[in-house]
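Asks:
Number of protein chains: 2
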Amino acid sequence: MRMHNPPHPGEIIKALCLEPVGLTVTEAAEGLGVSRKTLSAILNGRSGISPEMAIRLSIAFNTSAESWLSQQVQYDLWHAEQGRKALKVVKLAA
Amino acid sequence: MRMHNPPHPGEIIKALCLEPVGLTVTEAAEGLGVSRKTLSAILNGRSGISPEMAIRLSIAFNTSAESWLSQQVQYDLWHAEQGRKALKVVKLAA
DNA sequence: GCTATCGTAACCTGACACGTTACAGATTAC
DNA sequence: GTAATCTGTAACGTGTCAGGTTACGATAGC
């Protein structure tokens, strides 16, 4: 269990994909084939990276879809771990 | 992009967690703190592993939540890749 | 002033995780 | 044969979330 809150993948997209190339949100959304609202929600951490979006990112920015989803998993898992103690689970194996 | 359809994580749960210990679906569902229907749906590939379920599995079977979610990502991604050509995405970076 | 960009608030749809209840089929115990 | 158990699953509900369109206010550049 990691100590620090991992950043949501939207921050990485903004920092590594949009800003270096000077892409606006509107332009990037058009290129990705999604609405401006959808991309904006991701960039601001209000939506996660869906498998489909990961593939869009991999095509547009020549990256690995798996890496985007992995970052999303880290993010989701960290938040789910915060409610770990609320789960009533019995140990079934040593 | 992998060639072969990865198995859904439910098959791994059944093969690696339930059968070796002789656990029934009903018993495992009770131990995990979910309904029998929920676990059954996962085992038969009709539901995916949510972050919360991954944590339940990690507690009950003393495994890594991340590994369960990684397998789920592989599964989801493979299926999303099947519809890759339907996505209208423009290359935005070299 | 005019235009572009951006965040975001409505609204909608569809998908999916999860729950309870109930049923049918198979298996096992008596 | 009968009862008990396990299983899958259909039929209802819930809440959440990705995605869309439309529209508004704020901020910047010309």
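Protein chains in written order, with this note's numbering: chain A, 1136 to 1229; chain B, 1136 to 1229. Backbone N, C-alpha and C fix where the C-beta goes; we use that ideal spot for every residue, glycine too.
1) Using a C-beta to C-beta distance shorter than 9 Å, which residues of chain B count as neighbours of A:S1182?
2) Give a yes or no on whether the minimum CB-CB distance between A:S1205 and chain B is below 8 Å.
3) Quick one: list the residues of chain A neighbouring B:P1141, beta-carbon separation under 7 Å, in chain order.
4) Mapping DSSP to helix, strand and coil, what is B:T1198?
5) Of the residues that make up the stretch 1186-1204 of chain B, which ones have a beta carbon closer than 8 Å to any beta carbon in chain A?
6) Quick one, which of B:K1226, B:G1218, B:R1171 and B:G1183 has its alpha-carbon nearest B:I1147's?
7) Cα separation between A:G1180 and B:S1202?
8) Could you tell me whether any Cβ in chain A is nearer than 8 Å to the Cβ of B:G1168?
9) So, with DSSP's three-state summary, where would you put B:I1184?
10) What did DSSP end up calling B:P1141 once you bin it into helix, strand or coil?
11) What residue range is occupied by the uninterrupted alpha helix (DSSP H) comprising A:E1162?
12) To the nearest whole angstrom, what separates the beta carbons of A:V1208 and B:S1205, a pair I think is in contact under 8 Å?
Replies: So, from the listed chains and residues:
1) Neighbours of A:S1182 on chain B: none; closest Cβ ~15 Å, over 9 Å.
2) yes
3) Simply none; closest approach about 12 Å.
4) coil
5) P1186, E1187, A1189, I1190, R1191, I1194, A1195, F1196, N1197, A1200, E1201 and L1204
6) The residue with the shortest Cα to Cα distance from B:I1147 is B:G1183.
7) 24 Å
8) yes
9) coil
10) In the three-state DSSP reduction, B:P1141 falls in the coil class, being neither helix nor strand.
11) V1160 to L1167
12) 7 Å
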